Amino acid sequence: MAMSAARPALQVLNMAAVGVFAVSGALAAARAKQTIVTFAFFAVITGVGGGTLRDLLIGAPVFWVGRSDYLGVCLLAAGLVWLLRADRWRMSALLWFDAIGMAAYAVVGTAKALSFGLPALPSIMMGVLTASFGGIIRDVLAGEPSALLGPEIYISAAALGATVYVGAIMLGAPPALATIVGVSAGFTLRAFAIARGLSLPGYRGSGPDKSD
Amino acid sequence: MAMSAARPALQVLNMAAVGVFAVSGALAAARAKQTIVTFAFFAVITGVGGGTLRDLLIGAPVFWVGRSDYLGVCLLAAGLVWLLRADRWRMSALLWFDAIGMAAYAVVGTAKALSFGLPALPSIMMGVLTASFGGIIRDVLAGEPSALLGPEIYISAAALGATVYVGAIMLGAPPALATIVGVSAGFTLRAFAIARGLSLPGYRGSGPDKSD
Amino acid sequence: MAMSAARPALQVLNMAAVGVFAVSGALAAARAKQTIVTFAFFAVITGVGGGTLRDLLIGAPVFWVGRSDYLGVCLLAAGLVWLLRADRWRMSALLWFDAIGMAAYAVVGTAKALSFGLPALPSIMMGVLTASFGGIIRDVLAGEPSALLGPEIYISAAALGATVYVGAIMLGAPPALATIVGVSAGFTLRAFAIARGLSLPGYRGSGPDKSD
Chain A
9 MAMSAARPAL
19 QVLNMAAVGV
29 FAVSGALAAA
39 RAKQTIVTFA
49 FFAVITGVGG
59 GTLRDLLIGA
69 PVFWVGRSDY
79 LGVCLLAAGL
89 VWLLRADRWR
99 MSALLWFDAI
109 GMAAYAVVGT
119 AKALSFGLPA
129 LPSIMMGVLT
139 ASFGGIIRDV
149 LAGEPSALLG
159 PEIYISAAAL
169 GATVYVGAIM
179 LGAPPALATI
189 VGVSAGFTLR
199 AFAIARGLSL
209 PGYRGSGPDK
219 SD
Chain E
9 MAMSAARPAL
19 QVLNMAAVGV
29 FAVSGALAAA
39 RAKQTIVTFA
49 FFAVITGVGG
59 GTLRDLLIGA
69 PVFWVGRSDY
79 LGVCLLAAGL
89 VWLLRADRWR
99 MSALLWFDAI
109 GMAAYAVVGT
119 AKALSFGLPA
129 LPSIMMGVLT
139 ASFGGIIRDV
149 LAGEPSALLG
159 PEIYISAAAL
169 GATVYVGAIM
179 LGAPPALATI
189 VGVSAGFTLR
199 AFAIARGLSL
209 PGYRGSGPDK
219 SD
Chain G
9 MAMSAARPAL
19 QVLNMAAVGV
29 FAVSGALAAA
39 RAKQTIVTFA
49 FFAVITGVGG
59 GTLRDLLIGA
69 PVFWVGRSDY
79 LGVCLLAAGL
89 VWLLRADRWR
99 MSALLWFDAI
109 GMAAYAVVGT
119 AKALSFGLPA
129 LPSIMMGVLT
139 ASFGGIIRDV
149 LAGEPSALLG
159 PEIYISAAAL
169 GATVYVGAIM
179 LGAPPALATI
189 VGVSAGFTLR
199 AFAIARGLSL
209 PGYRGSGPDK
219 SD
């Protein structure tokens, strides 16, 4: 019930996040000089991967399977990146689009998990997975070390956005407001990380550095 | 209803595809000089991986879980590759078996998705995933660069077979005929690619080649 | 019905296995000098990954999703490894904890599959997947060659434990007894492998060694 007020906004956010992640998947294929078919494959997996894992885990019908529009957006993204030679775009532009997609997907994923009756902690985990899993599969398939698992502030920003959304809902905020503050919090942290080159400290072992 | 006429043929195709992919998984383990246990593990994952992902996505009970025959075929394939030192077989023989399996799995996956009420585009996607996902996991686990993601015409052939099947069904063809033309189309394209060394053109970036 | 007598013991074993695997995930993050966020991510994926795959395959609600305690144990494990600089612990201690977790998870996974009506062979496969899948994802994400896929006796020990459990149940043993002999069998084989450096023979190709 409380969810329904925010649902149209969530769907717009969801579609936007799918499209942005699909573009990032196609760009990974471009970096690897792949074919148009691999462009499409990477765009689909990166675009819908995170939300697919979320839906499987919470027992929901997978969001893109019964319809054509989400896949269509992914294929369109792949085609546009190929035709427009989009790797000429400044990579910084992509980083900012990706930041928006991540912040949107973290809140959308958390909201859907809450609406399925999950407690706060697993709901936040679902938001983090939704925002990060597509990019992780993309990196594993492309054979690149996953930037998401480095010191960059990415998963942290997704976790912050998801946590702020849950906190706002628990404090009684209307879903639309909670969505705005959650997306803003995740995006702002990620934006600072991009603009200032912020990163988290890595683990410091106990002895002299052994190169394994 | 319309599916039921083609069902026995589809089940035979399905079991054949599982067996062929299980052999290819065991051969990957052989190349890596693995143990008999890893042979079995690779055979199972490669044999049933694609159909497993399809069933999870469309919300069907996973096809091999409630019975023993599919797993049995995979274990048998692993044992035979081990005992017969099957890597002595000419690899070209394997390529042809694999082409049959791919073409069969693409149509079987698409047909199952259609029978669950999916629209055309996601049904084709399911056929492509069914035909390719097992091989992709096999390559990731073996630490090999996935040949499926290179310029080789593989996913394209699966997509062609799936698309032809859907088109034939939409034009009112009986399922048995649609299956035959779909499998033939996918196999023929793949066969040309193997025999003539055809491949798709890779993406050409916009500037001088940067080695990332 | 027959399961219910063993259920509390199985739940304790399950939680113990999740905790032990979460520690091993956090230690992998420590080896890679990762951040606290990646510690948490690796702990969760390694801790619950195997059981998650099992539940998706058998069509059960994913065990950790509707509650907070399993995720909480994983996050706690990540925090403790970080704070206590647990990589100073002797790695041999970890190996033994991991052996207990593997043996427990193999029997827990098999028992749950049997209780969902699966035949013997797929139930044993579920036990093996539950015990090994989390560690395999951990290794793939960390970019390490998966030790589980080498000559080490690991998957074999999980398969032995699962098979002994199924055999004992089929012979009419009460579930508590079957659990004890299954866990003991898997743990003992793994313990011998660790203590004596046992490993399985790798596949020997048919010709002179070709480096692919």
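Residue numbers (our numbering), protein chains in the order written: chain A, 9 to 220; chain E, 9 to 220; chain G, 9 to 220. Just so you know, even glycine gets a beta-carbon here, dropped at the ideal spot from N, CA and C. Quantities reported herein were computed from a predicted structural model and do not represent experimental measurements.
At a cut-off of 9 angstroms, the C-beta of PRO182 of chain A has no neighbouring C-beta in chain G.
A buried status is given to ASP63 of chain A, since no fewer than 16 other beta-carbon atoms sit within 10 Å of its beta-carbon. Sequence-distant partners of LEU168 of chain G (beyond 5 residues in either direction) whose C-beta falls short of 7 angstroms from its own C-beta, in its chain, are ALA193, GLY194 and LEU197. Residue state for SER207 of chain E is assigned as strand, using DSSP reduced to three classes.
Contacts between GLY210 of chain A and chain G, judged by CB atoms closer than 8 angstroms, involve LYS41, GLN42 and THR43 in chain order. The count of Cβ pairs closer than 8 angstroms, one atom from the region 22-32 of chain G and one from the region 113-132 of chain G, reaches three, so the stretches are in contact. As the crow flies, the alpha-carbon of GLY143 of chain A is around 8 angstroms from that of GLY33 of chain A. Here the region 48-67 of chain E makes no contact with the region 171-190 of chain E; the two share fewer than three CB pairs at distances below 8 angstroms. Ranked by Cα distance from ALA199 of chain A, the first of A:LEU91, A:LEU103, A:GLY80 and A:ALA181 is A:LEU103. Within chain G, the residues LEU129 have their CB atoms less than 8 angstroms from the CB of GLY80 of chain E, given in chain order. Contact check between the region 80-93 of chain E and the region 145-153 of chain E: fewer than three CB pairs, one atom from each, fall below 8 angstroms, which does not count as touching. Residues of the region 44-56 of chain A with a C-beta atom less than 9 angstroms from some C-beta of chain E are ILE44, VAL45, THR46, PHE47, ALA48, PHE49, PHE50 and VAL52, listed in chain order. Burial is judged here by how many other beta carbons sit within 10 angstroms of a residue's own beta carbon; ALA184 of chain G has fewer than 16 and is exposed.
Beta-carbon to beta-carbon, GLY58 of chain A and LEU137 of chain A are separated by about 6 angstroms, close enough to satisfy the 8 angstroms threshold. Bridge pairing for GLU152 of chain G: absent [DSSP]. SER76 of chain E is a Cβ neighbour of PRO127 of chain G, given a cutoff of 9 angstroms. For SER164 of chain G, the enclosing alpha helix (DSSP H) starts and ends at 163-178. A residue is called buried once 16 or more other Cβ atoms fall within 10 Å of its Cβ, and ALA48 of chain A is buried on that count. From the listed residues E:ALA37, E:VAL28 and E:ILE44, the smallest Cα separation to SER207 of chain G is found for E:ILE44.
A check of alpha carbon separations from PHE124 of chain E across A:CYS82, A:ALA112, A:ILE108 and A:PRO69 identifies A:PRO69 as the nearest. Against chain E, the CB of PRO69 of chain G has no partner CB under 9 angstroms away; the residue lies outside that interface.
Residues of chain G whose Cβ lies closer than 8 angstroms to the Cβ of SER76 of chain A do not exist; the shortest such Cβ separation is about 25 angstroms. Linking ALA36 of chain G to PHE50 of chain G through their CA atoms gives a straight-line distance of about 8 angstroms. Around the beta carbon of LEU61 of chain A, a 10 Å sphere encloses 16 or more other beta carbons of the protein chains shown; the residue is thus reported as buried.
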